[in-house]
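Here it is, written out as structure tokens:
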């Protein structure tokens, strides 16, 4: 579904992406993992056309995304920190997003998360009055709203209460089973272990490995993902 | 009057009683023309033209003119007669020459509509032209569409009052409304003049009183005044004239209680003073003029209790003015209060109210504790650099003036009011 | 794009600062008209508001609004919407709101109290100045990611157009005072929309009689219909160019 070829991005002196090659297919849940400032968010923003790469290309369903916006119809996105117009009421926000998204492929809306998070009760509240966690719920609900084929979640569970996290994880599982491609960044290994099937490990703008979790576990001989990764990275460093 | 007396003498023997009465009246009231004849001019009668009546008349006769339209051209009045219009008869000059020419003393012209004089650029054609006549009264006429309205040349004593003069309203061809040349002791009162070149024009006219006149919408000056000493003008209004009022080459004039207003134009003044000395300007109002007073070469002019309201610049005083004093005047709402082209100042300002004054009065003597400098820094810049007027009303122009208030040393013009009044001065 | 304008307007009309701006403008214009019995004097006093306050509020409000909506703009960019449409949508929304504020705060009082040619020139110039400073604000905003720096650039731009430019101009006039500069000043005034607006309005006001020969030269130019067309076109260029540059930058900007 998505092919990334030799993607490069430089912010001034900082080389954020140094030639990343990755391929994601429908039905996958891929976790983008790496230390802080490794380039995960830059990669996501390149996918969404929010950052224009300096080199390389991104092929979405066979077409280069350069200069195109319509491919975004098929992507849902949940940002790390969702901020919305302060004075806008939540119900109005959902209405607006539906209105703006009318050019999307499907006219049906997936409002499962709105219901599950009980957001409707707070539709009358202006966005500025909401807590960070509630805003994250709004962001999550928005990313699934159009029932897109690709869903990108940047730190989805940060700030969510355990119950909401669980609802979100179940939703991700459900969408995966429905054959969607889901990209997730997170630092919580136990969580990734639950939802992801592959891990792309990014360090200093390079994808140093991209393997399925099963593969990682078998290669390292560890049962827990965190430890498995640690081993794998250690080995990689040694071989270098 | 010798003929009348002779006539009465002849009757003396016929009717003694009548004669005694007539004689008594003659003795006790010798100046009144009780015995003057009254001639009535009326269409359809024997005296159907004014010309005929005048040729019939004796000195002192009254000629009454009935309401009608009379076509006249260069009607010469060479006898001391009173020409009185009944219910405003119309004298029409058919745009040829002067209408009435007076060449006698003790002439009164009253109650006519005088219209359509000739128009010439070489000869001055007037509604009423007085040549060498003394004690002339021109009262209550409506003079319309004439080149000059009332033209006095070498006239001693006279009254011009209650007339309405409206000219031909032509920029090039209009003459003056009331024009005085070498005339003295003339009283000009309560006339309304508009649509002329100059509303009132004085040249070598002395000891005159100009009061309660309204001179407006004239093309050049509302009042134009040259070489005319010892005149007073009071309670006049000069409004919206092309260049305002000009008073030049004169001394000993008194200007009080006049209103100079709405004289707007790039070279327009409320009052232009040029080479004026020993004169008084008091209790006048200068409102909405481009320049309230423009002074050039004046000396010993006293300006007191005047109001300068909403003028572009209240006073422009050139550097050749000296010993003039400005006291107890109000300066309110003017864009510039004072401008001058020099740095040295030989004039005196005291106790005026300036609305732009931002000083304080700690000792409560109603006088500001720091001097007011009426010549703003920005106006000094314009003086040096005329194109800087481009920045008029800009933020930087306002800042420059504020900066000058904080640092008076920025200013180079040496003109102060050392005792600016804190309150508006009421007379 | 129209949808974006709609939603920006919906958001901005609840903005308290915008409301405060309307109240400020109304108070100053009604106040000045009531205080001065003479209408033309009221307009004259309002000129300061027009030349200083309107540009300042327009540029600062827009910049602050832009940075406060940064995440919202990010959210929009992640949607299948063209960047140019997003920026123009937000631009039109903010511009329309500030225009509305200007017309309610100053336009209404002027139409009620004045309604003369000067008044209409005043409103035309004010509208153009509003849009010009909104454009400049967008330019300042896309130049940086940092809110403080964006506001700083905006303040500098405002300061430049209301004060520094005229200061430099004054020095230039002094330096070349031996030459006839009136025609040059007409050209130079085109480089600063605030000056252009001021001259256009001043020439319609009585006060222009004070401007002497310089004013006569200006009047010849700005008084002719060609001059008016040129000056309005120059103002429109001042609206279009900054936002066009801002668009080009925004198209390539990393959010």
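Protein chains in written order, with my numbering: chain A, 0 to 239; chain B, 142 to 568; chain C, 17 to 271.
Don't be surprised by glycine CBs; every beta carbon is placed ideally from N, CA and C.
Please classify residue i: does DSSP put it in a helix, a strand, or coil?
i	result
residue 42 of chain C	helix
residue 434 of chain B	strand
residue 37 of chain C	helix
residue 446 of chain B	coil
residue 267 of chain C	helix
residue 48 of chain A	coil
residue 125 of chain A	strand
residue 495 of chain B	strand
residue 558 of chain B	strand
residue 4 of chain A	strand
residue 174 of chain B	Note that residue 174 of chain B scores 49 on pLDDT, short of 50, meaning its location in the model is unreliable; the coordinates nonetheless yield the value given after this. Coil at residue 174 of chain B, not helix or strand.
residue 225 of chain B	strand
residue 201 of chain C	helix
residue 87 of chain A	coil
residue 20 of chain A	strand
residue 405 of chain B	coil
residue 14 of chain A	strand
Pull up the distance between the alpha-carbon of residue i and that of residue j, whole angstroms please.
i	j	result
residue 489 of chain B	residue 458 of chain B	12 angstroms
residue 35 of chain C	residue 123 of chain C	16 angstroms
residue 218 of chain B	residue 356 of chain B	28 angstroms
residue 377 of chain B	residue 227 of chain C	29 angstroms
residue 105 of chain B	residue 342 of chain B	Because chain B is modelled from 142 through 568, residue 105 of chain B falls outside the range shown and cannot be assessed.
residue 24 of chain C	residue 137 of chain C	29 angstroms
residue 120 of chain C	residue 198 of chain C	37 angstroms
residue 79 of chain C	residue 149 of chain C	10 angstroms
residue 266 of chain B	residue 440 of chain B	37 angstroms
residue 50 of chain C	residue 71 of chain C	24 angstroms
residue 396 of chain B	residue 54 of chain C	27 angstroms
residue 361 of chain B	residue 370 of chain B	22 angstroms
residue 205 of chain B	residue 227 of chain B	7 angstroms
residue 566 of chain B	residue 398 of chain B	15 angstroms
residue 432 of chain B	residue 413 of chain B	9 angstroms
residue 205 of chain C	residue 211 of chain C	6 angstroms
residue 174 of chain B	residue 242 of chain B	Confidence in residue 174 of chain B is poor, its pLDDT being 49 and thus under 50, which makes the residue's placement unreliable; the coordinate value appears in the next sentence. Distance between the alpha carbons of residue 174 of chain B and residue 242 of chain B is about 23 angstroms.
residue 131 of chain C	residue 45 of chain C	14 angstroms
With 16 as the cutoff for other CB atoms within 10 Å, does residue i come out buried or exposed?
i	result
residue 60 of chain A	exposed
residue 507 of chain B	exposed
residue 340 of chain B	buried
residue 215 of chain A	buried
residue 196 of chain C	exposed
residue 365 of chain B	buried
residue 84 of chain A	buried
residue 250 of chain B	buried
residue 349 of chain B	buried
residue 313 of chain B	exposed
residue 245 of chain B	buried
residue 288 of chain B	buried
residue 228 of chain A	buried
With which residues is residue i paired in a DSSP beta bridge?
i	result
residue 505 of chain B	In DSSP, residue 505 of chain B forms no bridge with anything.
residue 378 of chain B	B/355 and B/400
residue 524 of chain B	For residue 524 of chain B, which the question treats as bridged, DSSP gives no partner whatsoever.
residue 333 of chain B	B/305 and B/355
residue 267 of chain B	B/289
residue 389 of chain B	B/367 and B/415
residue 468 of chain B	B/445 and B/491
residue 180 of chain A	A/149
residue 283 of chain B	B/254 and B/305
| task | Kindly confirm or deny that the segment 115-133 of chain A and the segment 85-93 of chain A touch, where touching means at least three C-beta pairs closer than 8 angstroms. | result | Output reads yes: the segment 85-93 of chain A touches the segment 115-133 of chain A.
| Are the segment 448-458 of chain B and the segment 468-483 of chain B touching, with three or more C-beta to C-beta distances below 8 angstroms? | Yes, the segment 448-458 of chain B touches the segment 468-483 of chain B.
| request: Inspect the CB distances between the segment 317-325 of chain B and the segment 291-308 of chain B and report whether three or more fall short of 8 angstroms. | output: Touching, per the Cβ criterion.
| field | Within 8 angstroms of chain F by C-beta, residues of the segment 27-51 of chain A in sequence order | value | As a matter of chain content, chain F is missing from the structure shown, whose protein chains are A, B and C.
| request: Tell me, please, whether the segment 231-245 of chain B touches the segment 206-215 of chain B by the rule of three or more beta-carbon pairs shorter than 8 angstroms. | output: The segment 231-245 of chain B is in contact with the segment 206-215 of chain B.
| Taking contact to mean at least 3 C-beta pairs separated by less than 8 angstroms, is the segment 543-550 of chain B in contact with the segment 215-224 of chain C? | With a cut-off of 8 angstroms, the segment 215-224 of chain C and the segment 543-550 of chain B do not count as touching, because too few Cβ pairs lie within range.
| request: Answer yes if the segment 495-514 of chain B comes into contact with the segment 156-175 of chain C, meaning at least three C-beta pairs across the two stretches below 8 angstroms, and no otherwise. | output: These segments do not touch.
| query | Do the segment 252-268 of chain C and the segment 100-118 of chain C meet, that is, are 3 or more Cβ pairs less than 8 angstroms apart? | reply | Segments in contact, yes.
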